[in-house]
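Colleague: Below you'll find the structure I mean.
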Amino acid sequence: MVITLGALFLGMSLMSSKDLRYQALVNAFYADLYRYAYWLCQHKAIADDLVQETFLRAWKHLDSLLDVAAAKGWLITILRRENARRFERKQFDYQDIEQDELQDLSSASPEQQVELSQLQRLILQLDMEYREPLVLQVLLGMTGEEIASCLALNLNTVNTRLYRARHQLRELIKTKDLEGHQHG
Amino acid sequence: MDELEFRRRLFSDPSAGDTTLQQHIKQDSAKAELQQELLQLDAALHRVMYIEVPDDLQARLLLQQQVSSYRQQRRRKQWLYGIAASVALTLGLVQLRFEPLHFGQDLGSYALAHVYHEASALLEHNQQLPLAEVNQLMASFAGKLEQFDGKVRYARFCHFRGVRSLHLILDSKEGTVTVFVLPKDHGWQNAGSFADDNFHGQSLALAGADLVLVAARQQLLAPLVDKVQQQFSFAVKQQS
Chain L
63 MVITLGALFL GMSLMSSKDL RYQALVNAFY ADLYRYAYWL CQHKAIADDL
113 VQETFLRAWK HLDSLLDVAA AKGWLITILR RENARRFERK QFDYQDIEQD
163 ELQDLSSASP EQQVELSQLQ RLILQLDMEY REPLVLQVLL GMTGEEIASC
213 LALNLNTVNT RLYRARHQLR ELIKTKDLEG HQHG
Chain P
70 MDELEFRRRL FSDPSAGDTT LQQHIKQDSA KAELQQELLQ LDAALHRVMY
120 IEVPDDLQAR LLLQQQVSSY RQQRRRKQWL YGIAASVALT LGLVQLRFEP
170 LHFGQDLGSY ALAHVYHEAS ALLEHNQQLP LAEVNQLMAS FAGKLEQFDG
220 KVRYARFCHF RGVRSLHLIL DSKEGTVTVF VLPKDHGWQN AGSFADDNFH
270 GQSLALAGAD LVLVAARQQL LAPLVDKVQQ QFSFAVKQQS
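So the protein sequences, as listed, match chains L and P. With the working numbering applied, the first sequence covers 63 to 246. With the working numbering applied, the second sequence covers 70 to 309.
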């Protein structure tokens with residue numbers, strides 16, 4: 063108790079405006095970034111690590127973030143760069159890493175759970191170039207223009223990729239349904 | 070707008086309030102149905118993409134910054150003292166000369182700070198993690214835990230001021246121990262033995278990695294050190 067209070071007091075007394083800005087960034091975006099990182103790398107521990115690396119870098123370069131409205135895009139750009147560095151490091155043999163079991167479907171009925179977990183697998187079947195803009199749009203609520211700026215693509219390309227992502231997903235769902243009927 | 074263009078626009082953003090698109094939808098029930106289907110797909114996608122976030126991630130991100138902010142201030146103060154008094158300056162220079170990167174027993178105190186922070190994890194994370202899962206994380210240190218005579222109940226990367234380390238909590242008949250795995254090139258001074266009122270610990274330089282062990286004061290550290298030394302293995306990096 064004493065230690066917790068001490069740590070709290072220490073934290074409060076040392077808080078600068080940079081600290082407060084950082085904390086506001088963490089509070090506002092950590093969950094979005096974690097989910098985005100997961101759909102990027104498909105592994106929870108690595109997603110966790112990517113978010114830590116991202117905020118570490120964000121803290122170091124916080125002064126370069128001048129426009130608060132651009133914060134989400136800025137953090138996503140850092141995270142994408144960290145993810146790319148991860149492949150450069152090649153410390154892991156990623157082939158050996160199995161995907162985590164996905165959860166969080168507990169509120170659905172058992173039948174729905176099967177359908178939803180199938181949908182999760184189908185998302186992971188999409189190529190990264192289609193999956194990534196789809197996650198940014200559906201999960202993070204970003205506009206076409208914001209996605210284009212994050213991914214350094216033009217708006218037409220982003221729209222084409224979003225079109226293909228949904229188109230492919232529908233096709234995959236139809237194939238699955240067909241298989242289901244044949245087996246059932 | 071032809072059929073193809075309509076589909077292209079609708080599929081790229083089913084919820085878009087594009088007025089031309091809306092007019093087409095109003096005039097054609099098949100198109101309205103397609104929009105509904107895509108909106109339902111989006112709702113389902115959002116639901117399954119919205120995965121659970123680790124409970125303590127937010128707190129860990131805040132701790133990471135508080136520690137580095139605290140260190141920055143501490144360094145700034147040392148500069149002020151150094152300028153104010155020549156004796157302090159001399160001492161400061163001597164200290165900098167011998168410890169160019171870090172001050173004092175930082176690895177130990179940093180490890181303790183992490184242990185305090187993760188104190189709740191000691192109680193909350195009580196499940197046994199599969200060894201394969203632990204080894205996925207160990208792989209980034211070229212390390213392996215062939216078998217562990219006990220329970221690994223927490224394994225997560227954490228950062229020692231920019232150095233990525235692996236934080237493990239192990240249970241065995243010798244007691245509970247927190248182990249931090251650091252790469253050899255971490256740049257910290259090894260802590261040796263360190264302690265505070267509640268915990269004591271020791272750093273351990275293996276050939277392929279450095280470890281820092283922390284346990285409660287009432288526990289004997291030596292058997293835990295032996296056990297960890299026996300059961301952890303790290304590949305030694307080849308000098309190129």
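Even glycine gets a Cβ: it sits at the ideal position worked out from N, Cα and C.
From residue 238 of chain L to residue 73 of chain P, what distance separates their C-alpha atoms?
Modeller: 25 angstroms
Colleague: Check the Cβ-Cβ distances between residue 192 of chain L and every residue of chain P, and say whether any is below 8 angstroms.
Modeller: no
Colleague: Take the Cβ of residue 209 of chain P as the centre, count every other Cβ of all protein chains shown within 10 Å, and call the residue buried at 16 or more, exposed below.
Modeller: buried
Colleague: Can you tell which of L:104, L:177, L:100 and L:114 has the C-alpha that lies nearest to the C-alpha of residue 84 of chain L?
Modeller: L:114
Colleague: Kindly indicate which residue of P:227, P:245 and P:201 has the alpha-carbon position closest to the one of residue 126 of chain P.
Modeller: Comparing C-alpha distances from residue 126 of chain P to each of P:227, P:245 and P:201 shows the shortest one belongs to P:227.
Colleague: Taking the alpha carbon of residue 116 of chain P as the reference point, which residue from L:87, L:90 and L:200 has its own alpha carbon closest?
Modeller: The shortest Cα separation from residue 116 of chain P among L:87, L:90 and L:200 belongs to L:200.
Colleague: Just mark residue 177 of chain P as buried or exposed, buried being the case when its beta carbon has 16 or more other beta carbons within 10 Å.
Modeller: buried
Colleague: Taking only three categories from DSSP, how would you classify residue 149 of chain L?
Modeller: helix
Colleague: Flag this pair as yes or no: are the beta carbons of residue 396 of chain P and residue 181 of chain P separated by less than 8 angstroms?
Modeller: In the structure as shown, chain P starts at 70 and stops at 309, and residue 396 of chain P therefore has no counterpart that could be examined.
Colleague: How about the segment 171-189 of chain L and the segment 205-220 of chain L: do they share at least three Cβ pairs that are nearer than 8 angstroms?
Modeller: no
Colleague: Can you list, in chain order, the residues of its chain with a C-beta nearer than 8 angstroms to that of residue 275 of chain P? Leave out the 5 residues immediately preceding and following it.
Modeller: Setting aside the 5 residues that flank it on each side, residue 275 of chain P is surrounded in the same chain by 298, 301 and 303, each with a C-beta closer than 8 angstroms to its C-beta; the list follows chain order.
Colleague: Could you compute how far the alpha carbon of residue 196 of chain L sits from the alpha carbon of residue 187 of chain L?
Modeller: If I take the Cα positions, the gap works out to 13 angstroms.
Colleague: Cα separation between residue 293 of chain P and residue 131 of chain L?
Modeller: Residue 293 of chain P and residue 131 of chain L: Cα-Cα distance of roughly 50 angstroms.
Colleague: Could you tell me which residues DSSP pairs with residue 224 of chain P in its beta bridges?
Modeller: P:237
Colleague: Using only alpha-carbon positions, find the residue among P:259, P:194 and P:280 that is nearest to residue 235 of chain P.
Modeller: P:280
Colleague: DSSP three-state call for residue 135 of chain L: helix, strand or coil?
Modeller: Assignment of residue 135 of chain L by DSSP, reduced to helix, strand and coil, places it in the helix class.
Colleague: If you draw a straight line from the C-alpha of residue 285 of chain P to the C-alpha of residue 243 of chain P, how long is it?
Modeller: 12 angstroms
Colleague: Comparing C-alpha positions only, which one of P:133, P:282, P:253 and P:267 sits nearest to residue 246 of chain P?
Modeller: P:282
Colleague: Less than 7 angstroms between C-beta atoms, sequence neighbours within five positions excluded: which residues of the same chain meet that for residue 230 of chain L?
Modeller: 188 and 192
Colleague: Is the CB-CB distance between residue 120 of chain P and residue 100 of chain L below 8 angstroms?
Modeller: yes
Colleague: Does any CB atom of chain P fall closer than 8 angstroms to the CB of residue 107 of chain L?
Modeller: Output row for residue 107 of chain L: interface = yes.
Colleague: Looking at the unbroken alpha helix (DSSP H) that takes in residue 298 of chain P, where does it start and where does it end?
Modeller: Per DSSP, residue 298 of chain P belongs to the alpha helix (DSSP H) from 291-300.
Colleague: Quick check: the Cα distance between residue 183 of chain P and residue 288 of chain P, rounded to an integer number of angstroms?
Modeller: 19 angstroms
Colleague: Output yes or no for whether 8 angstroms exceeds the beta carbon distance between residue 114 of chain P and residue 79 of chain P.
Modeller: no
Colleague: Tell me, to the nearest whole angstrom, how far the beta carbon of residue 212 of chain P is from that of residue 278 of chain P; I am working on the premise that it is less than 8 angstroms.
Modeller: 6 angstroms
Colleague: With DSSP run on the structure shown, which of helix, strand or coil describes residue 98 of chain P?
Modeller: helix
Colleague: Just how far apart, CA to CA, sit residue 132 of chain P and residue 141 of chain L?
Modeller: 19 angstroms
Colleague: Please report the distance separating the alpha-carbon of residue 249 of chain L from that of residue 202 of chain P.
Modeller: The structure shown does not extend to residue 249 of chain L, since chain L is modelled only from 63 through 246, so no value can be given for it.
Colleague: Does any residue of chain P have a CB that is nearer than 8 angstroms to the CB of residue 221 of chain L?
Modeller: yes
Colleague: Could you tell me which residues DSSP pairs with residue 263 of chain P in its beta bridges?
Modeller: P:270
Colleague: Quick one, which residues of the segment 90-101 of chain L are near chain P if we go by CB-CB under 8 angstroms, in chain order?
Modeller: When CB distances to chain P are screened at a threshold of 8 angstroms, the residues of the segment 90-101 of chain L falling below it are 92, 93, 96, 97, 100 and 101, in chain order.
Colleague: Report back the beta-carbon spacing between residue 256 of chain P and residue 221 of chain P to the nearest angstrom; my notes put them in contact at under 8 angstroms.
Modeller: Their Cβ separation, rounded to whole angstroms, is 27 angstroms, which puts residue 256 of chain P and residue 221 of chain P out of contact at 8 angstroms.
Colleague: Taking Cβ-Cβ distances shorter than 7 angstroms, what residues in chain L pair up with residue 231 of chain P?
Modeller: What residue 231 of chain P touches in chain L: 118.
Colleague: Looking at chain P, is there any beta carbon in it that lies within less than 8 angstroms of the beta carbon of residue 83 of chain L?
Modeller: no
Colleague: Specify the secondary structure class of residue 214 of chain P as computed by DSSP and reduced to three states.
Modeller: strand
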